[in-house]
Ligand SMILES: NC(=O)c1ccc[n+]([C@@H]2O[C@H](COP(=O)([O-])OP(=O)(O)OC[C@H]3O[C@@H](n4cnc5c(N)ncnc54)[C@H](OP(=O)(O)O)[C@@H]3O)[C@@H](O)[C@H]2O)c1
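Residue numbers (our numbering): 4 to 314.
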């Protein structure tokens with residue numbers, strides 16, 4: 004009941020053709036051997052017929068006995084037979100050759116079709132994964148997070164930001180906030196603002212805009228000659244900061260996505276540099292933190308965050 008399952012030998016068409024071919028070859032080789040034996044016996048008989056029985060004793064062709072001519076012709080035929088079977092394989096016939104060619108072409112075609120199918124499968128998989136990635140990015144905006152060019156500034160009620168290439172106030176918490184927001188980011192600035200620092204700020208990549216082509220800076224500071232190149236130099240940063248001064252702020256109001264402004268609640272009529280007006284039709288306030296005047300802070304101030312309105 005649980006005996007071994009009897010295996011039925013399966014011979015496919017190709018194996019059958021090979022067996023037939025092998026049989027044909029054996030037959031042909033035997034044929035050559037038989038031909039050789041008959042040739043030897045025949046040659047002896049021809050020689051005896053002429054020399055012993057005297058058949059055609061006087062018949063000669065080109066001075067040679069007829070049996071010599073007959074044996075040479077037979078030998079030539081035998082050589083042709085031998086070469087055809089063992090060397091050129093002609094004796095397999097044209098049909099066999101065509102069959103072999105067709106089978107080879109069919110095999111190649113089969114392989115081509117298989118490769119084509121694999122390629123189609125791969126392309127479909129790739130297309131599917133691309134569509135999937137696009138959908139993920141659409142569905143999860145955080146993944147597709149765009150670059151957020153951020154202006155950071157401290158300005159008085161009259162938009163004053165500096166005088167004689169320096170700040171007009173000292174608000175330690177504002178400096179701390181500037182430090183923490185810009186830490187690890189690219190900071191884009193005009194040449195004058197850069198020169199107002201005693202030395203480059205640590206842990207930030209400085210990008211200085213100047214029209215001077217021979218402007219010298221310490222190692223690590225990037226010099227560019229227009230705003231476009233400045234943004235390009237910071238393109239790997241998801242939040243590059245534009246840190247001033249007056250000229251640079253003016254040029255970046257149209258390209259910024261966010262403004263972090265510390266509004267210092269005081270007027271500074273003697274300032275010489277100013278921040279542009281924030282057009283409320285274009286910017287919406289999204290955050291505010293108010294700070295009172297205290298012993299460390301000479302003026303009250305408010306941290307305000309604006310985002311560009313999307314239309
Ligand atoms: N309160 C704040 O938050 C704040 C922040 C930053 C700065 N500030 C103050 O702002 C003042 C400096 O501002 P600022 O307006 O005088 O100067 P700035 O904007 O810092 O720098 C102006 C310089 O930048 C270069 N520049 C500007 N636009 C350019 C362009 N399109 N292509 C090539 N180069 C360009 C020019 O340099 P070259 O002359 O070398 O060609 C130009 O002289 C200082 O008082 C500083 O303390 C205040």
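We treat Cβ as the ideally placed atom computed from N, Cα and C, and that holds for glycine.
Within the same chain, and ignoring the five residues on either side of residue 32 in sequence, the residues whose Cβ sits closer than 7 Å to its Cβ are 88. With a cutoff of 7 Å on beta-carbon distance, residue 236 and residue 251 are scored as not near each other.
Cβ contact annotation for residue 83 (same chain, cutoff 6 Å, sequence separation greater than five): none. When secondary structure is reduced to three states using DSSP, residue 309 falls in the strand class. Taking a contact as a CB-CB distance under 8 Å, the pair residue 158 and residue 244 does not count as one, their CB atoms being some 16 Å apart.
Residue 192 sits in a strand when the DSSP states are folded into three classes.
The Cβ-Cβ distance between residue 59 and residue 69 falls below 7 Å.
For residue 273, the CB stays at least 6 Å from every heavy atom of ligand 1. According to DSSP, residue 292 shares a beta bridge with 306. Taking all protein chains shown into account, residue 259 has 16 or more neighbouring C-beta atoms within 10 Å of its C-beta and is therefore buried. Rounded to whole angstroms, the Cβ separation of residue 273 and residue 302 is 15 Å, and the two are not in contact under 8 Å. Assigned with DSSP and collapsed to three states, residue 263 falls in strand. Taking residue 299 as the centre and dropping the five residues before and after it, the same chain places the C-beta of 175 closer than 6 Å to its C-beta, in chain order.
In the three-state scheme derived from DSSP, where H, G and I count as helix and E and B as strand, residue 187 is classed as coil. Between the beta-carbon of residue 35 and that of residue 85 there is about 6 Å, and that keeps the pair under the 8 Å contact cut. Cβ-Cβ separation between residue 287 and residue 261: approximately 11 Å, too far for a contact (criterion under 8 Å).
The C-beta distance from residue 296 to residue 248 rounds to 25 Å, too long to fall under 8 Å, and the pair is not in contact. Taking the Cα of residue 23 as reference, the smallest distance to any Cα among 125, 102, 123 is reached at 102. With respect to the C-alpha of residue 192, the residue from 309, 208, 110, 160 having the closest C-alpha is 208. Between the alpha carbons of residue 201 and residue 219 lies a distance of about 15 Å. By the neighbour-count definition (other C-beta atoms within 10 Å, threshold 16), residue 216 is an exposed residue.
In this structure residue 183 is exposed. Its beta-carbon is surrounded by fewer than 16 other beta-carbon atoms within 10 angstroms. Taking the Cα of residue 92 as reference, the smallest distance to any Cα among 156, 79, 25 is reached at 25. Looking at 306, 90, 54, 42, the one whose alpha-carbon comes closest to that of residue 79 is 42.
In the three-state reduction of the DSSP assignment, residue 61 falls in the coil class, being assigned neither a helical nor a strand state.
Under DSSP, no beta-bridge partner is assigned to residue 82. At a cut-off of 6 Å, the beta-carbon of residue 159 does not count as near ligand 1: no heavy atom of the ligand is closer than that. For residue 66, no beta strand (DSSP E) run applies, since DSSP gives it neither H nor E.
In the DSSP assignment, the residues bridged to residue 286 are 311. Taking all protein chains in view, the Cβ of residue 163 is crowded by 16 or more other Cβ atoms within 10 Å, so the residue is classified as buried.
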